[in-house]
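Its first residue numbered 1, the sequence shown is counted upward by one per residue in my numbering.
The beta-carbon is built from N, C-alpha and C at its ideal position, and this holds for glycine as well.
A short worksheet on the structure shown next.
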Amino acid sequence: MNRDLLNDEQWKRIAPLLPGKEGDPGRSGKDNRLFVEAVLWLVRAGAPWRDLPPRFGKWGSVWKRFRRWAEKGVFERIFNEVSEDPDFEYGLVDGTIVKVHRHGTGARGGLKIRPSASRAAG
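Okay, structure coming up:
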């Protein structure tokens, strides 16, 4: 498989931070690197979950795993590890976690800035 979103050095840095690896209690993740690559593909493409290419697995399973990891703070740990890396250009933010206030969604009202008195007189 062509893994072009994470280089091997980046993978070595984040792999120990991930749950479900060999030796962890409970069930091991089938392929943590493939899963992280799937999430990075979504971030890069800006695509909805349902458009995830089949090579990454079933989109619903990937989404559920993403949600579990997000709730456990796994992506925050990953971000903290790679944030200083100038070659790592992805920010992991998802609309299922970050909610916009209703006034930030383009509600009516228009521009609230008014010209100053000096501009209006000229």
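Assumed close pair residue i, residue j - CB separation to whole angstroms, cut-off 8 Å
i, j, result
"residue 42", "residue 49", "7 Å"
"residue 77", "residue 34", "Contact doesn't hold; Cβ gap of about 19 Å is too wide."
Residue i burial status per 10 Å Cβ neighbour count (16 or more: buried)
i, result
"residue 84", "exposed"
"residue 38", "buried"
"residue 7", "exposed"
"residue 32", "buried"
"residue 68", "exposed"
"residue 55", "exposed"
"residue 14", "buried"
"residue 44", "exposed"
"residue 52", "buried"
Bounding residues of the alpha helix (DSSP H) (the contiguous stretch that carries residue i)
i, result
"residue 64", "59 to 72"
"residue 13", "8 to 14"
"residue 44", "32 to 45"
Member of the options whose CA lies at the smallest distance from the CA of residue i
i, options, result
"residue 73", "62, 19, 7", "19"
"residue 30", "57, 52, 51", "57"
"residue 70", "82, 36, 5", "36"
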